[in-house]
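Undergrad: Numbering (the working numbering), first residue to last: 61 to 399.
Glycine included, each C-beta is placed from N, C-alpha and C at the ideal position.
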Ligand code: C5P
């Protein structure tokens with residue numbers, strides 16, 4: 061075929077394809093514009109502006125989550141007790157009353173009613189969503205905080221959760237100075253300032269009665285041991301750890317290990333259910349394998365590990381797994397963050 065004819069044929073074929081393609085596109089688009097360009101543009105913009113489960117770069121619950129985590133994590137169980145969720149199933153009530161073998165349990169539901177006459181009844185923190193990025197620091201009492209210089213990073217979180225006897229005064233450089241939530245029970249109680257939420261972890265009905273007493277008349281002086289008769293705390297900021305959540309933690313997360321979870325583990329669980337980003341400090345032994353508190357000079361004081369009621373190793377392994385799966389960030393002391 062002569063060169064001229066070949067060129068003409070190529071140009072004709074090209075023109076034919078362009079015209080056919082454009083005609084198809086126009087017909088399709090005009091017949092129902094939403095079907096093509098519009099939908100495509102919408103999908104593009106959707107992907108670009110789409111919101112995740114929270115407003116942090118990473119969220120506690122991701123769409124395609126780790127199966128180990130997804131099997132255990134239930135965001136619908138409220139860690140805090142309200143009037144509405146205070147009615148416990150017989151099984152939960154029996155389990156909870158067994159924890160410290162309360163010999164003469166008074167009417168639990170009547171005491172709960174008294175408590176909520178005394179403190180506010182609010183459903184707090186159950187507001188996870190695409191607009192929220194709540195950062196939290198859980199500060200355990202381990203001696204590995206000594207010399208860590210974590211104070212500033214702890215204080216930079218939205219919520220700072222401490223527990224039991226934990227002091228800050230004199231330890232600010234290592235443990236920070238702010239506390240938004242302080243978990244305690246009668247036998248571990250300390251005075252708080254008026255801005256901090258006292259989070260009572262009740263192990264028995266008497267603990268709820270003690271709360272009212274300690275903030276008013278001071279009539280309850282002992283449980284299974286002598287306890288603080290009065291306590292400084294803002295009664296309008298008092299919160300109660302839910303016994304139902306307590307059981308969920310024991311069943312789902314500890315799978316029945318130990319008699320019941322430690323305050324540290326309960327605090328960690330509290331945080332992963334109400335926060336989007338959780339940093340954990342002061343858990344585990346120090347570099348020399350000591351389990352003392354950060355304010356204890358005696359390194360051989362076997363705090364926490366040898367109480368007999370908690371399975372410290374199991375709890376610590378679950379904590380490490382959460383860090384492995386990027387659900388929490390663990391800071392292990394002077395050696396710096398683990399990951
Ligand atoms: O000793 P205490 O129970 O007050 O400590 C609070 C929490 O801090 C413990 O429940 C535990 O989770 C954590 N802790 C720890 N290692 C220590 C001391 C405390 O992990 N050496």
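Would the C-beta of residue 352 count as close to ligand 1, meaning under 7 Å from any of its heavy atoms?
TA: Yes, Cβ of residue 352 sits closer than 7 Å to a heavy atom of ligand 1.
Undergrad: Return yes when at least one heavy atom of ligand 1 lies under 7 Å from the C-beta of residue 358, else no.
TA: Because no heavy atom of ligand 1 lies under 7 Å away, the Cβ of residue 358 does not count as near it: no.
Undergrad: Could you round the C-beta distance between residue 138 and residue 302 to whole angstroms and report it? I think they count as a contact, below 8 Å.
TA: Residue 138 to residue 302, Cβ: 6 Å. Contact.
Undergrad: Taking the runs of the beta strand (DSSP E) that are 3 residues or longer, which of them lie wholly in the region 318-344?
TA: If we require 3 residues or more, the beta strand (DSSP E) runs fully inside the region 318-344 come out as 337-341.
Undergrad: Let me check one thing: in DSSP terms, what residues is residue 301 bridge-paired to?
TA: Note: residue 301 sits in a beta bridge opposite 140.
Undergrad: Are the region 277-286 and the region 325-340 in contact at 8 Å, needing three or more beta carbon pairs?
TA: In short, these stretches do not touch, since the Cβ pair count stays below three.
Undergrad: Given a cut-off of 8 Å on the beta-carbon distance, is the pair residue 203 and residue 352 in contact?
TA: The answer is yes: Cβ separation under 8 Å.
Undergrad: Let me make sure I understand the geometry here. Which of 245, 210 and 313 has the alpha-carbon closest to that of residue 228?
TA: Among 245, 210 and 313, the Cα nearest to that of residue 228 belongs to 210.
Undergrad: Would you mind working out which of 130, 275, 297 and 136 sits nearest residue 187, comparing C-alpha positions?
TA: That would be 136, whose Cα lies nearest to the Cα of residue 187.
Undergrad: Would you call residue 206 buried or exposed, if buried means 16 or more other Cβ atoms sit within 10 Å of its Cβ?
TA: Result: buried.
Undergrad: Mark residue 166 as exposed unless 16 or more other C-beta atoms lie within 10 angstroms of its C-beta, in which case mark it buried.
TA: Classification of residue 166: exposed, given that the 10 Å Cβ count is below 16.
Undergrad: Helix or strand or just coil, what does DSSP make of residue 202?
TA: In this structure, residue 202 counts as strand in the three-state DSSP scheme.
Undergrad: Quick check: does the Cβ of residue 157 come within less than 7 Å of any heavy atom belonging to ligand 1?
TA: It does not: the Cβ of residue 157 is nowhere closer than 7 Å to a heavy atom of ligand 1.
Undergrad: Is any heavy atom of ligand 1 found at a distance shorter than 7 Å from the C-beta of residue 325?
TA: For ligand 1, at least one heavy atom lies less than 7 Å from the Cβ of residue 325.
Undergrad: Less than 7 Å separating the Cβ of residue 224 from some heavy atom of ligand 1?
TA: It does: the Cβ of residue 224 is within 7 Å (strictly closer) of some heavy atom of ligand 1.
Undergrad: Could you please give the first and the last residue of the uninterrupted beta strand (DSSP E) stretch that includes residue 260?
TA: Element bounds for residue 260: 257-260.
Undergrad: So is the beta-carbon of residue 273 under 7 Å away from any non-hydrogen atom of ligand 1?
TA: Outside the cutoff, so no.
Undergrad: According to the neighbour-count rule (16 or more other Cβ atoms, all chains shown, within 10 Å of its Cβ), is residue 234 buried or exposed?
TA: Buried, since its Cβ has 16 or more Cβ neighbours within 10 Å.
Undergrad: Using the Cβ count rule (16 or more neighbours within 10 Å means buried), how would you classify residue 255?
TA: Exposed is the call here.
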